[in-house]
Amino acid sequence: MDAAMGGNSAPPMPPGRPQPGGAVGDGPVELRGITFAYGEGELRRAVLRDVDLRVAAGEIVLLTGPSGSGKTTLLTLIGALRGMQEGSARVLGQELMGARESQRVALRGRIGFIFQSHNLLGFLTARQNVAMSLELHAGLEEAARLARAAEMLAAVGLADHVDKLPAKLSGGQRQRVAVARALVAEPGLILADEPTAALDRVSGQEVVHMLRDLARRRGTPILLVTHDPRILDIADRIVAMEDGRIIEMQEARA
Ligand SMILES: Nc1ncnc2c1ncn2[C@@H]1O[C@H](COP(=O)(O)OP(=O)(O)OP(=O)(O)O)[C@@H](O)[C@H]1O
Ligand SMILES: [Mg+2]
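Every position in the sequence shown, counted from 1, becomes a number in my numbering once 6 is added.
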C-alpha cells in the first residue's frame with residue numbers, strides 16, 4: 007500500500023515549502039500503521055488502529071473527532087511524549103519506533119507544544135515563561151533569551167504585559183503567552199491539543215488566527231486537535247477520527 011515509501015533515498019524537501027497533502031515525501035510528520043493500546047492482558051484495549059497520516063511542510067492540519075476517539079493519544083505519540091507500540095512515526099526526520107530516550111528528548115526540544123490549559127508557571131512572568139523555552143538552546147545568554155521572549159510576546163500582541171504573572175492575565179492572554187512560548191525557539195512543528203477549549207469564541211479565534219499567521223510566516227507546520235467548529239477555517243486540511251481510525255480527510259481551502 008505504501009510501496010512508494012520503501013526507498014530512503016528521496017532528497018529532503020526544502021523547508022517551508024507546502025506540498026499537496028496526499029503526496030508521498032519527507033514531510034515533518036509521516037505516520038504509517040500506528041496501532042496503540044492502553045492496559046494489559048484482558049483490560050488491553052486498542053485506542054488507535056492502523057493510523058496513516060502525514061503533515062506536509064508548512065501545512066496546517068486539524069484533527070477532529072468525538073471524545074475518546076484517540077486524538078490526544080495520537081498527538082502524544084507524535085510529540086514523543088509516549089512510547090510507540092506498533093507502526094512507524096517519522097517526525098522531523100526522527101523515527102520514533104524504537105527510538106532511544108535521548109532521541110525522544112532531543113525531538114521534543116524541536117516541537118512547540120500548546121495544550122488546553124496553558125501550563126504556564128504561575129511564579130514566573132509572561133516573559134520568563136516564554137524565555138524558558140530557550141534554555142535548551144545553547145549559546146543564548148539570559149539577557150538575550152529575555153529579549154527574544156519580549157519580541158515574541160510583542161508579536162502575539164502582549165508587548166504591554168511582558169512582566170505580568172499569569173494570574174494577572176485573561177484566559178486569552180495566557181493562551182497567547184503559551185503560543186509565544188511554543189514559537190519562540192523556532193520549532194520545526196507545532197502540536198496543539200484543544201488550545202481554544204477554555205476560551206470564549208472571540209479570544210479562541212484570536213489565539214488560533216495569531217498562531218496560524220505566525221506559523222505561516224515561518225513555514226512551521228501545525229497539527230491541532232479541536233472540537234471547536236468555529237476555528238476550522240484556519241486549516242489546510244481537516245482529518246476526522248472515530249474509534250481510533252481516520253475516517254475522513256478533507257482539503258479545507260482552495
Ligand atoms: N492513560 C490512559 N490509560 C488508559 N486509557 C486511556 C488513557 N488515556 C486515554 N485513555 C482512553 O483511550 C481512549 C482515547 O483517549 P484520548 O484521550 O486519546 O481521546 P481524545 O480523542 O483525545 O478524547 P477527548 O476529545 O475527550 O480529549 C479513550 O477511551 C480513553 O478513555
Ligand atoms: Mg483529547
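Backbone N, C-alpha and C define an ideal beta-carbon position, used for all residues, glycine too.
query: C-alpha distance - Tyr44 paired with Ala198, whole-angstrom precision; result: 22 Å
query: For Ala173 and Leu1, the rounded distance between their alpha carbons; result: Residue 1 cannot be examined here, being either before or after the span of the chain that is shown, 7 to 260.
query: Environment of Ile253 [buried if 16+ CB atoms lie within 10 Å]; result: exposed
query: Among Ala186, Asp206, Thr78, nearest to Ala221 - alpha-carbon criterion; result: Ala186
query: Thr78 beta carbon near ligand 2 (any heavy atom closer than 7 Å); result: yes
query: For Leu290: DSSP bridge partner residues; result: Here the chain has residues from 7 to 260 only, and residue 290 is not among them.
query: Exposed unless 16 or more other CB atoms sit within 10 angstroms - verdict on Glu46; result: exposed
query: Helix, strand or coil at Ala16 [DSSP, three-state]; result: Because Ala16 carries a pLDDT of 44, less than 50, the predicted location of this residue cannot be relied on, and the following value inherits that uncertainty. Ala16: coil per DSSP, three-state reduction.
query: 8 Å Cβ cutoff met for Leu159 and Arg133; result: yes
query: Among Thr226, Arg223, Ala188, Arg207, the one whose alpha carbon lies nearest that of His233; result: Arg207
query: Ligand 2 heavy atom lying under 7 Å from the CB of Asp249; result: no
query: Unbroken alpha helix (DSSP H) run spanning Met103, endpoints; result: Neither: Met103 is in no alpha helix (DSSP H) and is coded neither H nor E.
query: Close-in-space but distant-in-sequence residues of the same chain around Ser75 (CB under 8 Å, 5 per side omitted); result: Met247, Glu248, Asp249, Gly250
query: Touch test, the region 47-64 against the region 76-96, Cβ-Cβ under 8 Å, three pairs minimum; result: yes
query: Spatial neighbours of Arg88 in its chain, beta-carbon cut-off 6 Å, leaving aside the 5 residues before and after; result: Thr82
query: Closer than 7 Å: Gly45 CB and nearest ligand 1 heavy atom; result: yes
query: Outcome for Arg218 when other beta-carbon atoms lying within 10 angstroms are tallied against a minimum of 16; result: buried
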